[in-house]
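If you read the sequence shown in UniProt numbering, its first letter stands for residue 1, the second for the next number, and so on. Single-structure report; data block below.
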Amino acid sequence: MSTATTTAIESSKGIDFPYEVVPVHPKFGCRIPDLDISKPLSEQEFNWIRGLLHQYGVVAIPNANLPDDESHVNFSRLFGEVEKSRFRSPHMRSLPFAEIFDISNLDENDEIVMPGNEKRITAIRGNSLWHADGSFNPRRTYVSMLRAIELPPKGTGGETEFADTRQAYEDLPEEKKLQIKDLVAVHSFLHNRQIANPDSELFKGRSVFDEPLARHKLVPIHEPTGRPMLYVTSYAHHIEGLAIEEGKKLLKELMEHATQPKYVLRHQWQNNGEAVIWDNTAVLHRATPGGYEGKYRRDMRRTCVMDSSTEAYGLNNQEEAKNQRNSS
């Protein structure tokens, strides 16, 4: 992330937030350089962090200093119910906490994933497509927190990009807003993996219509700010009420709009121990490839907090949702 001017944040009582807040993009994203979240936070301090997250969509904490996975999970719980992985792939490392998702380039033996490991390569490619975590689930994801355990050498890639879907919606022509305001997108985990690795034997004969699907508004409201956003991700397969190809064309158009360079910031990971928090109901994100692949370790671990807003379940049945949650 590139730096910009420091913002002074004041509470309704006129009390300053005790840490420097550095905006990193003209419209969204900030960095809190001196915040150490390994230390106990007051209720007011946490409320400020959450408020900054809602305002900026992305909050980078270079000196987070969380010592282990347990502290990562515990900090995430401050935002709400933390998702647990429903299954563990035999092709991934076995981490001690079900709430920790392995977003590394490491296999089950803690070795760097090589091209022959098709399942892991497909997952890595899927994460390189623009998405919001958990949009393929009936109950969507609210906050994600990604923590750097071991970064590859600087200059070898592995940055994370974010796209501002609130500003992207705001900038749409009024006629386009009217066209899409009541539309519902149907999301599929399988769809993301199929477009990530279309020639894979893993997906031959499989149809998204035979797999769990999730229905979410294309333009939900970001409740903390009241701003509409474009909930268009690489998990979105089609749009209800439109012919499949017509819906795909519209989704492609909106994705291309929302991920224009003016809406995107690229986060350059600074050091091991850094953490980045983002609001999946306000931004999209993706991993970026680089020269580190197949050569250097990139150990990243993520937690996801489930959404509790009125938009959380989209148009899905809440009772059925409890038994249908997938894992990314």
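No residue lacks a Cβ here, since even glycine has one placed at the ideal position from N, Cα and C.
**OP:** May I ask you to report which of helix, strand or coil DSSP gives L265?
**Re:** strand
Original post:
Are the CB atoms of L284 and F162 nearer to each other than 8 Å?
Top reply: yes
Original post:
Mind pulling the alpha helix (DSSP H) runs of 4 or more residues that sit fully within the segment 164-217?
Top reply: Taking only runs of at least 4 residues, the alpha helix (DSSP H) segments lying wholly in the segment 164-217 are 165-170, 174-180 and 189-196.
**OP:** Flag this pair as touching only if the segment 61-81 and the segment 110-125 have three or more C-beta atom pairs under 8 Å; answer yes or no.
**Re:** no
Subject >> Under the three-state DSSP convention, the category I100 falls into >> reply: coil
**OP:** Pick out whichever of R298, F101 and A185 has its Cα sitting closest to the Cα of A243.
**Re:** Of the listed residues, the one whose Cα sits closest to A243 is A185.
Original post:
Thinking C-alpha only, which one of Y19, L53 and S188 is nearest G29?
Top reply: L53
Original post:
Which partner residues does W278 have in the DSSP bridge list?
Top reply: Under DSSP, W278 forms a beta bridge with V58 and S144.
**OP:** Could you name the residues that DSSP lists as bridge partners for D299?
**Re:** Note: D299 sits in a beta bridge opposite E150.
Subject >> Coarse secondary structure for M92, derived from DSSP in three states >> reply: coil
Original post:
Hey, quick one: how far does the alpha helix (DSSP H) through R286 stretch, first residue to last?
Top reply: Run containing R286: none in the alpha helix (DSSP H); it sits in the beta strand (DSSP E), V283 to A287.
**OP:** Could you name the residues that DSSP lists as bridge partners for R31?
**Re:** V22 and A60
Original post:
Do the segment 116-125 and the segment 204-220 meet, that is, are 3 or more Cβ pairs less than 8 Å apart?
Top reply: no
Original post:
Where L146 and F101 are concerned, what is the direct C-alpha to C-alpha distance, given to the nearest angstrom?
Top reply: 9 Å
Subject >> Contact between the segment 309-323 and the segment 163-183 (3+ Cβ pairs under 8 Å) >> reply: no
Original post:
I think V305 touches F79, with their Cβ atoms under 8 Å apart; what is that distance to the nearest whole Å?
Top reply: Contact holds; Cβ gap of about 4 Å.
Original post:
To which residues does DSSP link P228 through a beta bridge?
Top reply: BP columns for P228 point to I221.
**OP:** Give the single residue among E99, A236 and R215 whose Cα lies nearest to the Cα of I195.
**Re:** A236
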